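Here is the structure we will look at, set down as structure tokens.
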Amino acid sequence: MQTPQTIRPSKAAVAFGLTYAGHFAIHVSRKAFAAAHGELENNWGFTGGFLGILDTMFMMVYGVGLLVSGYLAERMDPVLLISVGTGGAAASMILFAISPLIGISGSAYSWYIILMCSYAGFQSASMPCGVKLVDSWYPPSSHGKVFSIWATHAIAGNVAGLLLAALLDFLEGSASLLPLLLIPAGLLVFTGILQKAFIFQGPMQHQPVEREDAPQQEAIPLRTVLRLPWVRSYALAFAACRIVDVAVFFWVVLFLHENLNVPTSTAALIAMAYDAGLVTGSFLSGKLTDSVNSRPGVFATCLFAASLLASITGWLTSAAATVITIFILGMFMGGPIMLISTAIAAEISTKANLPVTATVVGILDGTGSFLAALGEIGVGFASDGVGWGFIFTILSFVLLIGSALCLYIHYGEKKDPLVDDEEDYSEFSNDHREIGAAALRSDTSNETKGD
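Rendered as structure tokens:
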């Protein structure tokens, strides 16, 4: 394994920047499509129910696709996979946008479902490959700081998507729909080309040190990765975070509109306080977890605090109190949301000393996205039958479960950092454990010398 001193900062920055740009473009595209829902209903004849089906299909296919993409990223060139995924997502959205121009009516529901599934499937390649590539350029001691910045691509993309929709609002009817869908698709094409041309895989691939008597390392089976320490526990904890985050993402504007009795445009501006909180919390948590070297302990504390805030959010009627509360809620959610599927995935791979970063990302993010899709259906039905206070109370219990899981991991790691539950991990050789621990000690030593 090469040490951090062998890393060329320029290539690391290119890998960081272009993977960030790819995810940014993906989220611009997603948010622009969400903003286009009204025009799709008015001009293409889509019903609200069908748009709900498209959103649910997207989340489910995306969740399954993350598992598949994570598996493939360990067996293929991740640069090729991420660029093909970005380009494929662009092609799917372009076909979606021009469908009426080529004679496909809005009532051809099967066609649009296929395109949405294709759009989700291609997108799913980006996250596992992106984390794997960034991980290959940066040492474990900096993962919290690096990934807390890198993971803000989602928020930046969402804001850019909203701004694009606002800029095109002066166009009437279907005239705004085509550029709203095609401009993000063009951005995806551009970033996909740049990714293929300029990203290289870094030297810090956490692979076992070769020994004369050791068999050649093969790709690790998915069932083996699932039994790595804390993978399943983190997957469920991240799912709890994603359920709440996705619920807030899709429903907070309606909640603010109804609870505070403000126009939708004002509610959208207030909702940005949550995004600002996510960014702030991500930065603070990234720095803190690198310093205290106890990520699950920090996550458990954050999610417990977020649970308390969520339990009162749905009952608030004051605009000022609501803005402050959802900002702080976002701040406590930022660390777990941004870091579990990035820094933690890379850390699990490092500690096991196995090349499974992309697979772990696929498992964590895929589980979270799939269960969040089911939660989205539940919130949709509940919003018609019960009050927002009840909905946010349920979400607070979900966060409490996530906090308990992170606390369980925290105390488990104190006993043995490489043993999960009561499972038998004898198949992971002592060599792997010793080499992984040595890599972490070496990295810590290098960082100390640098200080």
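Basically our numbering = 1-based index in the sequence shown + 19.
Backbone N, C-alpha and C define an ideal beta-carbon position, used for all residues, glycine too.
Only a predicted model underlies this, so the values are computations on that prediction, with no experimental measurement involved.
What did DSSP end up calling residue i once you bin it into helix, strand or coil?
i    : result
V375 : coil
R314 : helix
L483 : Lying before the first or after the last residue shown, residue 483 is absent from the chain, which here runs from 20 to 470.
Y157 : coil
A13  : This structure gives no information on residue 13, because the portion of the chain shown stretches from 20 to 470.
T66  : coil
V150 : helix
A259 : helix
D96  : coil
F209 : helix
F219 : coil
W536 : The structure shown does not extend to residue 536, since the chain spans only 20 to 470, so no value can be given for it.
N280 : coil
L196 : helix
P248 : coil
G122 : coil
S461 : Only weak support exists for where S461 lies, its pLDDT of 44 falling under 50; the coordinates are left without a value.
A10  : Lying before the first or after the last residue shown, residue 10 is absent from the chain, which here runs from 20 to 470.
E442 : In this prediction, E442 has a pLDDT of 44, which is less than 50 and means its spatial position is unreliable; nothing more can be read from the coordinates.
Got a sec: does the ligand HEM put a non-hydrogen atom nearer than 7 angstroms to the Cβ of residue i?
i    : result
L183 : As far as ligands go, the structure on display features none, and thus does not contain the ligand HEM.
Based on Cα-Cα distance, which residue from the options lies nearest to residue i?
i    : options                   : result
L297 : G122, I45, R314 and C321  : C321
P198 : L183, T210 and V208       : L183
G387 : V417, F411 and I410       : V417
A365 : A339, H276 and F166       : F166
T299 : M357, G316 and P315       : M357
A324 : L390, A53, Y90 and L419   : L419
S313 : P282, M352 and C425       : C425
T369 : I345, S129, N280 and S161 : S161
F351 : G316, S301 and S126       : S301
I72  : N61, F346, A53 and L86    : A53
R246 : I382, Y131 and S137       : I382
G174 : L134, F268, S195 and N61  : Reading off the sequence shown, one finds Ile at residue 174, where the question assumed Gly. Checking every option, the nearest Cα to that of I174 belongs to F268.
L85  : G431, N62, A40 and G140   : G140
V178 : F274, A216 and A290       : A290
A286 : I239, L303 and I345       : I345
Could you tell me the alpha carbon to alpha carbon distance between residue i and residue j, rounded to whole angstroms?
i    : j    : result
S124 : A116 : 12 angstroms
I343 : A292 : 8 angstroms
P203 : S118 : 17 angstroms
D384 : A258 : 8 angstroms
H172 : H42  : 6 angstroms
L327 : S415 : 7 angstroms
N372 : I218 : 24 angstroms
G57  : L190 : 14 angstroms
I347 : L120 : 46 angstroms
L307 : V317 : 8 angstroms
A31  : I168 : 14 angstroms
V2   : V380 : Residue 2 lies beyond the stretch modelled for the chain, which goes from 20 to 470, so this question has no answer here.
A392 : W270 : 13 angstroms
W334 : M78  : 29 angstroms
S126 : Q214 : 36 angstroms
G431 : L186 : 51 angstroms
P159 : I367 : 10 angstroms
Beta-carbon separation of residue i and residue j under 8 angstroms?
i    : j    : result
S83  : V244 : Going by the sequence as given, residue 83 is Val instead of Ser. In this structure, V244 does not lie closer than 8 angstroms to V83 by Cβ.
I396 : T66  : no
L152 : P222 : no
Y427 : I359 : no
A92  : Q142 : no
G512 : H276 : Because the chain spans 20 through 470 in this model, residue 512 falls outside it and cannot be assessed.
D294 : G349 : yes
T378 : L241 : yes
L100 : A55  : no
F69  : Y128 : yes
S310 : T412 : no
C136 : V80  : yes
T486 : T210 : Past the edges of the chain, shown from 20 to 470, lies residue 486, and the structure says nothing about it.
L279 : T336 : yes
M146 : S48  : no
Say whether chain C places a C-beta atom closer than 8 angstroms to the C-beta of residue i.
i    : result
F219 : The chain labelled as chain C is not found in the depicted structure, where only one protein chain is given.
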